[in-house]
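Just below is one structure, and these are the notes that go with it.
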Amino acid sequence: MNFETSRQFDKMIFKIKDQSVKIRLKKIILRIAEAKNLNEIPNLTPIVGHPNYYRIKFGDYRVGISLEEDTIWFLYFGKRDESTYKKFP
Numbered sequence: 456m457n458f459e460t461s462r463q464f465d466k467m468i469f470k471i472k473d474q475s476v477k478i479r480l481k482k483i484i485l486r487i488a489e490a491k492n493l494n495e496i497p498n499l500t501p502i503v504g505h506p507n508y509y510r511i512k513f514g515d516y517r518v519g520i521s522l523e524e525d526t527i528w529f530l531y532f533g534k535r536d537e538s539t540y541k542k543f544p
């Protein structure tokens, strides 16, 4: 699948200091790039009440994505806390 990143997502991943988190995020992005449909993406959960918005959980972190036609947009990355779902979607 094709994918794009938002400016906000780019800023969030630039701030990551933990190399293990960067490696895991890179693996997730590569899996999404190789996927032919959403069913092939592990740990993908739809956001209730928001069609075409999904989250991917790994550890204490969340990746927020949206699907527009055949392009996946990476919109949010951050550690799970009380404000995570106020920022995304």
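Plus 455 on top of the position in the sequence shown (first one is 1) and you've got our numbering.
We put the CB at the ideal spot given by N, CA and C, even for glycine.
Please read these numbers as outputs of a predicted model, since none were measured by experiment.
Boundaries of the alpha helix (DSSP H) in which residue i is found, first to last residue
i, result
"Lys-470", "No alpha helix (DSSP H) contains Lys-470, which DSSP labels as neither H nor E."
"Leu-480", "474 to 489"
Residue i, buried or exposed, once every other Cβ within 10 Å from all chains shown has been counted against 16
i, result
"Val-518", "buried"
"Ile-511", "buried"
"Ile-527", "buried"
"Ser-538", "exposed"
Residue i: first and last residue of the uninterrupted beta strand (DSSP E) it sits in
i, result
"Val-518", "516 to 523"
"Arg-510", "508 to 513"
Option in the options with minimal Cα separation from residue i
i, options, result
"Gly-533", "Ser-521, Glu-495, Asp-515 and Thr-500", "Asp-515"
"Asp-525", "Arg-479, Ser-475, Gln-474 and Ala-488", "Ala-488"
"Ile-502", "Leu-480, Gln-463, Ile-520 and Asn-494", "Ile-520"
"His-505", "Lys-472, Leu-522 and Ser-475", "Leu-522"
Residue i: CB within 8 Å of a non-hydrogen atom of the ligand SAH
i, result
"Arg-510", "Inclusion of the ligand SAH in the displayed structure is not the case, the ligand content being empty and no account of it being possible."
Rounded Cβ spacing between residue i and residue j (contact assumed at less than 8 Å)
i, j, result
"Thr-460", "Phe-513", "At roughly 17 Å, the Cβ-Cβ gap does not stay under 8 Å, so Thr-460 and Phe-513 are not in contact."
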